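Working notes for the structure below.
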Amino acid sequence: MARYTHASIDLGALKHNFAAMSSCAPNSKQVVVVKADAYGNGALAVANCLRDEADMFAVAFLDEVFELREAGITQPILVLQGPHQEQECELSKVLNVVWMLHVEQQLNWINKRIANNELDESHHWVKFDTGMHRLGLMIEDYQQLAEAYPHIFHKNTVIATHLATADEPDNNASSIAINKFMNVMSQRHDCLSIANSAANICLPDSAKMWNRMGISLYGSSPFENNEVAVLLKPVMQLNSEVIALRTIAAGESVGYGATWTAKQTSVIATVAIGYADGYPRHAPIGTPALFEGKVGTLVGRVSMDMLTFDVTDIENIEIGTKVELWGKNLPINEVAKKIGTIGYELMTRISKRVPRKFVE
Ligand SMILES: Cc1ncc(COP(=O)(O)O)c(C=O)c1O
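For the sequence shown, the positions run 13 to 372 when our numbering is used.
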């Protein structure tokens, strides 16, 4: 008998989210971001599910390309950090990758290969920094770079930027960044890419030829306050079950370090998932989970393989009662907020030992 703990991945919800997000920018092509194993949802399953709809897939670095190619995914794959080493450029054609070039060293590697007729212009995009100050060439250097790397900058080269504050709809820093980008690029390049999920929902000016969408496809709101004008359906549901139950007297403590002490006679349910499965160890007392739809609260420390919940007020709990850590009935962002993190982190940290079960 296997452990019941698993993440169910709703591919029907994924398709729904893709259609809903695409309808926000019907004239844009869609890059489906599947880095970090599709944010923990399973890159192969996600890519297979959207293989007829996605115009391109995106990963963070080259290693993440291989399994997609081995599985027969044919779309170009955008590598968001570009090549880490010059040798990687040799694989551009055979793997049909598109490098997002963000530092001059990478411009040099690709420019040289195009000049030598080893590569054509379809294998790179160029990223500019509009205020995030993480990756990207400086906008102010555009002219000088265009002259120094003539094979890199063509009218049809996709020029991209990534917004730092798209998930804050009231922050005008995003509009300032878009204007800065458009002032330099709009006359020079026909193919642009700005929007991620949040921008696609709340910044219509960011919809250009290519959108790059991640979190929204997985059904989690990119906004902290959860206000989404688009109906998104959760894709991942993290499930476990009760494997032990006990009633403890007031004054008794629970878990390593005895960090929680019962104020009254309490029923404690032990649930078969822990930090080795990716559930955050720093989840505080009071973090919710649903027991057959009713809210229990985390008590005591998160252990490697187990969690303990106070289920005193829930009737009919028994060994085998099913538990939803987040998913359709308990939004991942609600749990993330309680833990002091974001849905992105919760999803991507679910470890390999939690089987993904795919449902349509
Ligand atoms: C460059 C870039 N574009 C797009 C995305 C997708 O963003 P989101 O998941 O918020 O849609 C990411 C994600 O981190 C990214 O790094």
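We put the beta carbon where it would ideally sit given N, CA and C, even for glycine. Since we're looking at a predicted model, the values are computed, not measured.
Let me know if K275 comes out buried or exposed under the rule of 16 or more other beta-carbons within 10 Å of its beta-carbon. exposed
In the DSSP assignment, find the unbroken beta strand (DSSP E) run with M194 in it and report its ends. M194 -> not in any beta strand (DSSP E); alpha helix (DSSP H) instead, spanning 185-197.
Helix or strand or just coil, what does DSSP make of V347? helix
Take W222 as the anchor and find which of T17, F69, R63 has the nearest alpha-carbon. F69
Nearest to A48 by CA position, among C36, E327, L74, I85, is which residue? L74
Check whether the Cβ of I227 lies closer than 7 Å to any heavy atom of ligand 1, and answer yes or no. yes
Could you tell me whether the segment 308-321 touches the segment 262-277, using the rule of 3 or more Cβ pairs below 8 Å? yes
Tell me whether V109, by its Cβ, gets closer than 7 Å to a heavy atom of ligand 1. no
Closest by CA to E327, which one among I280, T353, F140? I280
So the candidates are S278, S205, V109; which of them puts its Cα closest to the Cα of E264? S278
R224: CB within 7 Å of a non-hydrogen atom of ligand 1: yes
Length-filtered (3 minimum) beta strand (DSSP E) runs lying within the segment 116-159: 136-141
If you count every other CB in all the chains shown that lies within 10 Å of the CB of D325, and 16 or more means buried, which is it? exposed
Sort out for me which residues DSSP pairs E253 with in a bridge. K334
Is the closest heavy atom of ligand 1 to the C-beta of A210 under 7 Å? yes
Would you mind giving the Cβ-Cβ distance between I351 and P246, rounded to the nearest angstrom? I have them listed as a contact below 8 Å. Not confirmed; about 17 Å, so no contact.
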